[in-house]
Structure formats: C-alpha cells, structure tokens
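Last residue of the sequence shown: 445 in our numbering, with the numbers rising by one and none dropped. All residues carry an ideal CB built from backbone N, CA and C; glycine is no exception. Below you'll find the structure, written out as structure tokens, and then a few comments.
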Amino acid sequence: MTADHDADGELLDDETLEKLQALEARAYAAFDAGDLADAAILFGQLVEWTPDIPHLHYMRGLAHKYLREWALSLQDNLRSEQLRDEVDEATAWNAGIAATGAGDWAEARRQWTRCGITLPEGEGPINGNFGVACVRLNPWSSGETVYMRRLDPVRARLENVPLAESGFRFGDIVLHDGASTGRRTHGEREVPVFNAMQRLQQSDMATYAVFVQCGSPDDIAALRAMTLPGIGLVEDWTHSVRHLCLRCSYGAPHQHDDDSHEDDGGWVRERNLGIAAQGRAAVEKLMSAWAAAGTGRTLDAIEHREHPQQGPQPGQVWWLGHEQADE
Numbered sequence: 119m120t121a122d123h124d125a126d127g128e129l130l131d132d133e134t135l136e137k138l139q140a141l142e143a144r145a146y147a148a149f150d151a152g153d154l155a156d157a158a159i160l161f162g163q164l165v166e167w168t169p170d171i172p173h174l175h176y177m178r179g180l181a182h183k184y185l186r187e188w189a190l191s192l193q194d195n196l197r198s199e200q201l202r203d204e205v206d207e208a209t210a211w212n213a214g215i216a217a218t219g220a221g222d223w224a225e226a227r228r229q230w231t232r233c234g235i236t237l238p239e240g241e242g243p244i245n246g247n248f249g250v251a252c253v254r255l256n257p258w259s260s261g262e263t264v265y266m267r268r269l270d271p272v273r274a275r276l277e278n279v280p281l282a283e284s285g286f287r288f289g290d291i292v293l294h295d296g297a298s299t300g301r302r303t304h305g306e307r308e309v310p311v312f313n314a315m316q317r318l319q320q321s322d323m324a325t326y327a328v329f330v331q332c333g334s335p336d337d338i339a340a341l342r343a344m345t346l347p348g349i350g351l352v353e354d355w356t357h358s359v360r361h362l363c364l365r366c367s368y369g370a371p372h373q374h375d376d377d378s379h380e381d382d383g384g385w386v387r388e389r390n391l392g393i394a395a396q397g398r399a400a401v402e403k404l405m406s407a408w409a410a411a412g413t414g415r416t417l418d419a420i421e422h423r424e425h426p427q428q429g430p431q432p433g434q435v436w437w438l439g440h441e442q443a444d445e
C-alpha cells in the first residue's frame, strides 16, 4: 500500500494497514493466477478502503479488461487517470482499449491523442491505416495466427482466411490488445503479433474448406487470380495449416500414401484450400470455372461448418507472451 489513510481521511492503524497489505497481496495473486473475477472483487475492496490510490483503480480496470468487461474497465481507468498528476501511458492505453470495446469513440480518440498518436480527423470509428500486423485468434486456446490490417491502434480487419474452428472469418473487424506478444515475418520485414480480445464486427464472408487436386503451383495461382462476385479470398492452407489433417477432419476422400513433401522440393497434388465467400453457390461456380480452364484439376469436396467462438476460462493467464509466461 502507498497510502496510510482510509476513504474518510482517517489515519489507518497498524493492524488495519497490515490487513490491507495482505488483501493487496491476495488481489495480485488472484490476478497472476488468472482468477480475474476474484481479482476484480479484491481490488474493489481495496478501492473502497483507499479510493485515492491510482494503481488500485488501474489494476481493477486491468482485471475487467481481461474479463472483456469494457464499460467497467473504462470507468476504472478514467478514475486512475483522474488521480494522477501526469499522463500514465499504460492507463491511457487501457482506457483506449476499453473505450474501443465499448464503442465510445469520442473517449477512444481522446485517449489515443493523449498517447501522442495521430488519428484521421472526424468522429465515430477510426478508419485509418496503421499498417499490417499479426493477431493471435483465441489466444486462450488454439491461438491461430493470421495477418490483419490495423484500422486504429487496437482495431483491425483480418486479411487471411482463418480456420472455421476459430469462429472468426476473413474480413472480421477485431479488437486486439495493445502489447505485442511476439514477431512474425511479413515480406522482408518483421511485424508485431497481438492477442485478439474479441470480434467487434462479423464479416459476411463465411469460410469454406475446399479440397482439390492439381498438378502445379500455376494451377493454384490461376485459382487465386480468378475473381467472381461473392468471393472474398482464396488461400492455400496446405502449407499454413500443418497441425492436423484437414481432409481427415472433414471426411474428404484421400489416401495417406503420398510420400512427397513440398519441403523436400516436391509438389503435393492434394491441396487444402480456405475460401472466404458469401455463399456456397459462389464457391461452386468458382471451382467449376477453375476445373474447366485447365487439365488435371479435380474438385474433391466443398465443406462448410460454423463454429461458435469460445471465450477464456477462469484460471487461464492467456494475455502473456511466451517470454513473459516463461518468467
């Protein structure tokens, strides 16, 4: 504790101060263990006793942030801000994240300006170009990593076709955390990786798993170059998704008898594609046109499954990067 007076300005006796210090230790322990609801309650009890300590409001706001309770998190961070004599960047960033999650665009713009970030002029949602980065979807479970185009400091549009199991879609607008948890290569440079907090706006592009056979990379390039109404993006998952056999999981016909591997310089005829589209008819039309335009092109199956998004469970400390978690 950094104060020795209670809410009424009365001097705390040694016994009460010792109890509050023990309560603060319990609050931090609960937070560090991922017991966020308990942490929020315990920090709230501390705030009732000593309401003028800014870091206690900040910590309760941090617990509400990772519970994704945006209005409560914003309220705590604004109180933390009011109690400080100068700008605290961590408080401002968390207030900006909470305001964005709550859709309070005026407050979000105010906080980013306080952080020295230049924004596009206007009111309402910020639609700027803050560059390309990566985002870990569902960081509390599978943690699939995809690229995104950042619209503001913590809001972005997904640029890849995620696996349907993630519950996310190509073109979704997501809220991500402000602290990077790693780096990934994008072209010839590295870009930061952020944890996704939640989806803010769902895309109209559903995800279709499409299984084909073809003779060369030119066939896939030709497919990706085709444009049809209702098609958002075609992505070759054969390389990017390696932790499970997609064909087995979808029941698509194939055999595990091909010993050739592209990592060894060979071409695997069986390709697993992710196609973002507004409907199955658009995918069928695309694949029919592609198969008819070249020899040796075979469509094995088109599958579509919707999966609900799953939130974190109590006891998960999902917001840390690998280096922080190791510590």
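8 Å contact criterion, which Arg-178 and Gly-162 should meet: CB distance rounded: 6 Å
Cβ shell of Arg-398 (< 8 Å), same chain only, five flanking positions each side left out: Tyr-326, Ile-420 and His-422
Exposure of Gly-152, with buried meaning 16 or more beta-carbon neighbours within 10 Å: buried
Short Cβ contact (9 Å threshold) for Ile-244 with Gly-296: no
Beta-carbon gap between Leu-293 and Gln-316 smaller than 9 Å: With respect to Gln-316, Leu-293 sits close: the two C-beta atoms are nearer than 9 Å.
Cβ contact (3+ pairs, closer than 8 Å) linking the region 252–269 and the region 216–234: no
Bridge-paired residues (DSSP) for Phe-248: Bridge pairing for Phe-248: absent [DSSP].
Backbone secondary structure at Asp-418 - three-state DSSP: strand
Nearest-angstrom Cα separation, counted from Ala-217 out to Ala-224: 8 Å
Uninterrupted alpha helix (DSSP H) stretches inside the region 127–199 (no shorter than 4 residues): 132–150, 154–167 and 172–184
Buried versus exposed call for His-357 [16 or more other C-beta atoms within 10 Å across all chains shown]: exposed
Same chain, Cβ closer than 7 Å to Tyr-184, neighbours up to 5 away in sequence not counted: Leu-154 and Trp-437
Whole-number beta carbon distance between Ala-394 and Met-323, since they are thought to touch under 8 Å: 4 Å
Given 8 Å, three or more beta-carbon pairs between the region 334–350 and the region 403–413: yes
CA-to-CA distance, Ala-158 to His-304, given in whole angstroms: Near 38 Å, if we compare the C-alpha coordinates of Ala-158 and His-304.
Residues that Gly-234 bridges to, as DSSP identifies them: According to DSSP, which records beta bridges pairwise, Gly-234 is partnered with nothing at all.
Cutoff 8 Å; reference Ser-378; Cβ partners in own chain excluding five residues on either side: Residue placement at Ser-378 cannot be trusted, given a pLDDT of 44 that sits under 50; what the coordinates show is reported in the next sentence. Apart from the 5 residues on each side of it in sequence, Ser-378 sits with its Cβ closer than 8 Å to the Cβ of Gly-384, Trp-385 and Val-386 in its chain, given in chain order.
Residue(s) in a DSSP beta bridge with Ser-298: Phe-312
Secondary structure of Gly-221, DSSP reduced to three states: coil
Asp-336: first and last residue of the uninterrupted alpha helix (DSSP H) it sits in: 335–343
Cβ-based neighbour list, Cys-332, same chain, cut-off 7 Å, excluding 5 preceding and 5 following: Ile-338, Arg-387, Arg-389, Gly-414 and Arg-415
Residue interval of the alpha helix (DSSP H) (run including Leu-404): 398–410
Ser-321 versus Ala-189 - alpha carbon distance: 25 Å
For Arg-307, the nearest candidate out of Gln-139, Gly-249 and Leu-164 (CA to CA): Gly-249
Buried/exposed call for Gly-392, threshold 16 Cβ in 10 Å: buried
Rounded distance between the beta-carbons of Asp-150 and Leu-201, thought under 8 Å: At roughly 24 Å, the Cβ-Cβ gap does not stay under 8 Å, so Leu-201 and Asp-150 are not in contact.
Which residues DSSP lists as bridging Gly-392, in chain order: Ala-327 and Glu-353
According to DSSP, residues forming a beta bridge with Ile-291: As DSSP reads the structure, Ile-291 sits in a beta bridge with Arg-275 and Gln-319.
Residue(s) in a DSSP beta bridge with Gly-267: One detail in the question is off: residue 267 reads as Arg in this sequence, not Gly. According to DSSP, Arg-267 bridges with Val-250 and Arg-275.
Pair within 9 Å by beta-carbon distance, Arg-232 and Ala-251: no
DSSP three-state assignment for Thr-413, whether helix, strand or coil: coil
Rounded C-alpha distance that separates Leu-417 from Ile-291: One C-alpha to the other measures close to 31 Å.
Residue closest to Tyr-176, alpha-carbon to alpha-carbon, out of Ser-191, Thr-236, Trp-167 and Gln-396: Ser-191
Minimum Cβ-Cβ distance from Ser-259 to chain C less than 9 Å: Judged by its chain identifiers, the structure shown contains no chain C, having just a single protein chain.
Euclidean distance between Cα positions of Phe-312 and Asp-131: 45 Å
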